[in-house]
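Chemist: One structure, pasted below without further comment.
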Amino acid sequence: MQVPLLVAVWDDGYGISVPVEMQTAKSSISRVLEGFIPKGDEKGLKVYTVNGWDYPGVVALFEKVTGEMRANHEPVVIHVEELTQPQGHSTSGSHERYKSPERLQWEKENDCIRKMGLWMLENHLVSQEDLDELLAKATAYVKQGRDQAWSAYQTNLQKLKESLLAIYARLPEQLRSEAIQELQRDLAASPNMVFSELVSNARRLLLQWKRFGSAPDELLVSLIKENTSTGKQRYESHLYSETKYAAVNVPVVAAKYGLNPESVPGHQVLNKYFDELLTDNPAVIAFGEDVGHIGDVNQGFAGLQLRHGASRVFDTGIREWTIMGQALGSAMRGFRPIAEIQYLDYMAYAFSLLSDDLATLRYRSAGIQKAPVVVRTRGHRLEGIWHAGSPMGMIITSMRGIYLCVPRNMVQAIGMYNTLLKSDDPGIVVECLNGYRLKEKIPSNLLEFTLPLGVPEILEDGTDLTLVTYGSCVREAQKGIDMVKPFGISVELIDVQTLLPFDTEGVIVSSLKKTNRIIFLDEDVPGGATAYMMQEVLEKWDGYKYLDAKPVTLSAKAHRTPFGSDGDYFTKPGADDVCDCILQVMKDSFPNRF
C-alpha cells in the first residue's frame, strides 16, 4: 500500500540554533533517505532536491513531481535546500547569536525575495524601478494590514475602557482609596490595553469595592460578567464537538437480547461486531500493529482482512506515532478509522500527536476542523514492567479534547464504539486485556445499541459505602464486596464507564448522599485517575458535604508492576485489598464493630 503523498522539507540548515551537521546524519535528510529510493519496479520513496532560492527550479520540480505522484500513486520527498531565515527562529532567538558573519552575509545575498527580484529582472519581467515600487507598496500594505487589525481589535476595547472610566468617575468619595485611584490611573494612562488587562482592572476594582462592605456598582458587576463570558466563549469553547453530532448527544439505545442469546468469549463478540460494522459502513477502516493478517493479538479482527480486503483492515509498522498520524489524516478526509495502539502504555509513543494534534484540532480551529478518530487499545491487570501500566492520569491531564472510555467488558466496549462512530468526536476505548476469554452474551442489535458517555452505572445497590471504579477493577471490586458481605456491610458498586466525560449527571454524589462513605479504586499510580475522580465528586459535585468518613483512594503502587503474578499481587489492588479497605473505612466509623 502506497499513499500519493508529497512531503516538502524546507531546510534552512538549522534547527533553532543547532546546525544541520549536528541534527541529521550525513548533514542532509535527502541523503539519509537515499535507501528508500525505489529501483526498477520496487515500491519506495522518491527523493528530490532543489535550492529554495531557485524560483523556476522550484516551480518546475513541484509541477513535475506532483503530476507523477498522483498518476503513479506513490509518495515523494522534496528536500528544499539553501533557504534563508532572515529573522531567526523567534524574536527571542536572534540568529546573530549563532550564525557566523560569513553565513549572515550569504543569507543576505541569497535571500529568496532578493533572488526572485533578480530573476524577474534577468527575464525582463520588470524594471528596477518597478521592483522598488513593488517593495514600497508591499511594505505599506503590510503596515496598513497591521494597523487595521489592531484598530479593529481596539474598537470594542475602547468602548469597554470608556465604560470603566465612567464607573471610576462616579465613584463616591468614600471609595476613592489609594488602591482604587492607582487602578484608575493605570487605566487612564494605558493607550493600548489588551482585553484581559481591562477585565482584570474591572475585577480588581470590584475586589477593592468589596473591602468597604457596600453594594458594588451594578454596571460594574454586569460588565465583568459579560466580558468574562466573552473570554470563556472565545478561549474555552470547542474543546469537544458542539454540533448535533456530538458524542454526548448520541441517543441511547439499549442492547437487546433474544430468548436464547449466544454466549461466546469476548474476543468473538468483538469479531462479530467488527465484521458487521465493516460490512455496514464503507467509511470504516481498521489498522495497527498485527491488526491485518493475524487479526490483532487478541483476535478481534481475525479473518476480517481476508473478508473485507487489505485496504479496509491492514497492518502497520511498529510506530505508534505514525499509526496516530494515519488516523488523524484519514479521519480529516472523511474516513472513520479505528486505529489500534496495541497496549495502553504504548500510548506514550504517540503522546505528542495525541496531545498536541488530535486533542487540540477542534479547539484550535474554533470548531472548523474535526478528526473523529477512534483509538482502540487494551490494558489493565497486566503482569510485567512494559505492558502493565495504566496511565489514565497521563491521558486525563494531557488529552482533553478526546473522550476516554473504560469499559468493563467487550459488550460495553461495543456500545461505546457505536456511540463514537455515530458522533464527530474522537475517543479512546481501553478494552480489558483479561476479558477476551470471558464469555458474554451477544446482543441482537450489535450495530445499533449505544452507551451514553459520562453516565456511570450502578452495578450493586448498597447503603453503607460507595465504591467507584472502572474496567478490570470492576471484577476485583465485586470479589472484594462478596468477601465483606458476611460482615453485614452493604456496598454500592458504581462503574464510571467513561473518565472523559466523567459523571455528568451526578450519579456518584447521589449515592454518596445515601452512604456517606466513598472509595475510589483503580490501578493507575497514586494521584492518578483516583485523585481525579475524587476531585470531581467532592469538589465539582460538593460531595464533601455528605461525608461521615475520610474519602479513600485505592490505587496501584507508585512503581510499575514487577514481572510475574507475585509482582502483580503486591503492586496492584485486588480483591483482598478491596476487602481490607472497605473494612478500614467502616472501622473508622464503627471502631467497636470492626
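Just so you know, we're using the numbering used here here: the sequence shown kicks off at -3 and counts up by one.
A virtual CB, placed ideally from N, CA and C, is assigned to each residue, including glycine.
The model shown is predicted, which means the values in this text are computed figures rather than measured ones.
What is the DSSP secondary structure of D311, reduced to helix, strand or coil?
Modeler: Mapped onto the sequence shown, residue 311 falls at position 315. Here D311 sits in strand by DSSP.
Chemist: Grab me the residues of L273's own chain with a C-beta within less than 7 Å of its C-beta, minus the 5 sequence neighbours each way, in chain order.
Modeler: In the sequence shown, counting from the first residue as 1, residue 273 sits at position 277. Result list for L273: V280 and L443, in chain order.
Chemist: Starting from the C-beta of N414, find all residues in its chain whose C-beta is less than 6 Å away, skip the five residues before and the five after it, and write them out in chain order.
Modeler: Residue mapping note: residue 414 aligns to position 418 of the sequence shown, counting from 1. The answer, listed in chain order, is T446.
Chemist: Counting only runs of 3+ residues fully inside the stretch 268 to 336, write out the beta strand (DSSP E) ranges in chain order.
Modeler: 280 to 284, 309 to 311 and 332 to 336
Chemist: DSSP puts C428 in a beta bridge; with which residues?
Modeler: For this step, residue 428 is matched to residue 432 along the sequence shown. Its beta-bridge partners are G375.
Chemist: Please report how far the alpha carbon of R374 lies from the alpha carbon of V217, in whole angstroms.
Modeler: As a first step, residue 374 is located in the sequence shown; it is residue number 378 there, counting from the start. As a first step, residue 217 is located in the sequence shown; it is residue number 221 there, counting from the start. Between R374 and V217, the C-alpha separation is close to 50 Å.
Chemist: How big is the Cα-Cα spacing for T151 and S159?
Modeler: Residue numbering aside, residue 151 sits at position 155 when the sequence shown is read from its first letter. Residue numbering aside, residue 159 sits at position 163 when the sequence shown is read from its first letter. Using only the alpha carbons, I get a separation of about 13 Å.
Chemist: Does the structure place the stretch 213 to 227 close enough to the stretch 247 to 266 that three or more beta carbon pairs sit under 8 Å?
Modeler: no
Chemist: Provide the residue span of the alpha helix (DSSP H) that contains T135, from first to last.
Modeler: Position 139 of the sequence shown, counting from 1, holds the residue named residue 135. From DSSP, the alpha helix (DSSP H) with T135 extends over Q124 to A165.
Chemist: Please look up how many angstroms separate the CB atoms of T312 and F270, rounded, as I've assumed it's under 8 Å.
Modeler: Looking up residue 312 in the sequence shown gives position 316. Looking up residue 270 in the sequence shown gives position 274. That belief does not hold up - the Cβ atoms of T312 and F270 are roughly 17 Å apart, past 8 Å.
Chemist: Could you tell me how far apart the beta carbons of V369 and L349 are, in whole angstroms, since I believe they sit closer than 8 Å?
Modeler: In the sequence shown, the residue the question calls residue 369 occupies position 373. In the sequence shown, the residue the question calls residue 349 occupies position 353. Not really, about 10 Å apart at Cβ, beyond 8 Å.
Chemist: Looking at I392: is its Cβ nearer than 9 Å to the Cβ of A525?
Modeler: Along the sequence shown, read from residue 1 onward, the residue named residue 392 stands at position 396. Along the sequence shown, read from residue 1 onward, the residue named residue 525 stands at position 529. Yes, the pair counts as a contact, with Cβ atoms nearer than the cut-off.
Chemist: May I have the straight-line CA-CA distance separating S361 from H234, to the nearest angstrom?
Modeler: Taking the sequence shown and counting its residues from 1, the one referred to as residue 361 is at position 365. Taking the sequence shown and counting its residues from 1, the one referred to as residue 234 is at position 238. Taking the straight line from one Cα to the other gives about 8 Å.
Chemist: From D107 to H91, what does the alpha carbon distance come to, in whole angstroms?
Modeler: For the purposes of this step, residue 107 is taken as residue 111 along the sequence shown, with counting starting at 1. For the purposes of this step, residue 91 is taken as residue 95 along the sequence shown, with counting starting at 1. The straight-line gap from Cα to Cα measures roughly 15 Å.
Chemist: Applying the 10 Å Cβ sphere with the 16-neighbour rule, what's the burial state of V(-1)?
Modeler: Numbered from its first residue, the sequence shown carries residue -1 at position 3. Exposed, by the Cβ-count rule.
Chemist: If you count every other CB in all the chains shown that lies within 10 Å of the CB of L130, and 16 or more means buried, which is it?
Modeler: The residue labelled residue 130 in the question sits at position 134 within the sequence shown. With fewer than 16 Cβ atoms within 10 Å of its Cβ, L130 is classed as exposed.
Chemist: In the DSSP assignment, find the alpha helix (DSSP H) that holds P52 and state where it starts and stops.
Modeler: Taking the sequence shown and counting its residues from 1, one reaches residue 52 at position 56. Here the alpha helix (DSSP H) through P52 covers Y51 to N68.
Chemist: To the nearest angstrom, how far is it from the Cα of Q140 to the Cα of K133?
Modeler: Residue mapping note: residue 140 aligns to position 144 of the sequence shown, counting from 1. Residue mapping note: residue 133 aligns to position 137 of the sequence shown, counting from 1. Roughly 10 Å between the two C-alpha positions.
Chemist: Note the first and the last residue of the continuous alpha helix (DSSP H) segment covering F191.
Modeler: Against the sequence shown, residue 191 aligns to sequence position 195. It spans F191 to R207 - the alpha helix (DSSP H) in which F191 sits, taken as one unbroken run.
Chemist: What number of angstroms, rounded off, separates the C-alpha of L504 from the C-alpha of V464?
Modeler: Along the sequence shown, read from residue 1 onward, the residue named residue 504 stands at position 508. Along the sequence shown, read from residue 1 onward, the residue named residue 464 stands at position 468. The residue asked about is misnamed: residue 504 is Ile in this sequence, not Leu. Annotation: I504 to V464 spans about 8 Å, alpha carbon to alpha carbon.
Chemist: For I381 and G291, I'd like the C-alpha separation in whole angstroms.
Modeler: Looking up residue 381 in the sequence shown gives position 385. Looking up residue 291 in the sequence shown gives position 295. Cα to Cα, the separation comes out at about 25 Å.
Chemist: Give me whichever residues DSSP pairs with P212 in a beta bridge.
Modeler: Mapped onto the sequence shown, residue 212 falls at position 216. In DSSP, P212 forms no bridge with anything.
Chemist: Is it buried or exposed for N223, if we count other Cβ within 10 angstroms and need 16 for buried?
Modeler: On the sequence shown, position 227 is the one that residue 223 refers to. With 16 or more other Cβ atoms within 10 Å, it is buried.
Chemist: Extract the residue ranges of the beta strand (DSSP E) inside the stretch 365 to 410, only unbroken runs of 3 or more that lie entirely within it.
Modeler: 370 to 375 and 399 to 401
Chemist: In whole angstroms, give me the CA-to-CA distance for W6 and Q144.
Modeler: The residue labelled residue 6 in the question sits at position 10 within the sequence shown. The residue labelled residue 144 in the question sits at position 148 within the sequence shown. About 31 Å.
Chemist: Do you know whose CA, among L266, D584, V246 and F559, lies nearest S419's CA?
Modeler: Taking the first residue of the sequence shown as 1, we reach residue 419 at position 423. When each option's Cα is compared against that of S419, the closest is V246.
Chemist: How big is the Cα-Cα spacing for P547 and A21?
Modeler: Along the sequence shown, read from residue 1 onward, the residue named residue 547 stands at position 551. Along the sequence shown, read from residue 1 onward, the residue named residue 21 stands at position 25. Put simply, the backbone Cα of P547 is about 55 Å away from that of A21.
Chemist: Nearest to K206 by alpha carbon, out of Q229, R172 and S192?
Modeler: Along the sequence shown, one-based indexing puts residue 206 at 210. Per the Cα distances, R172.
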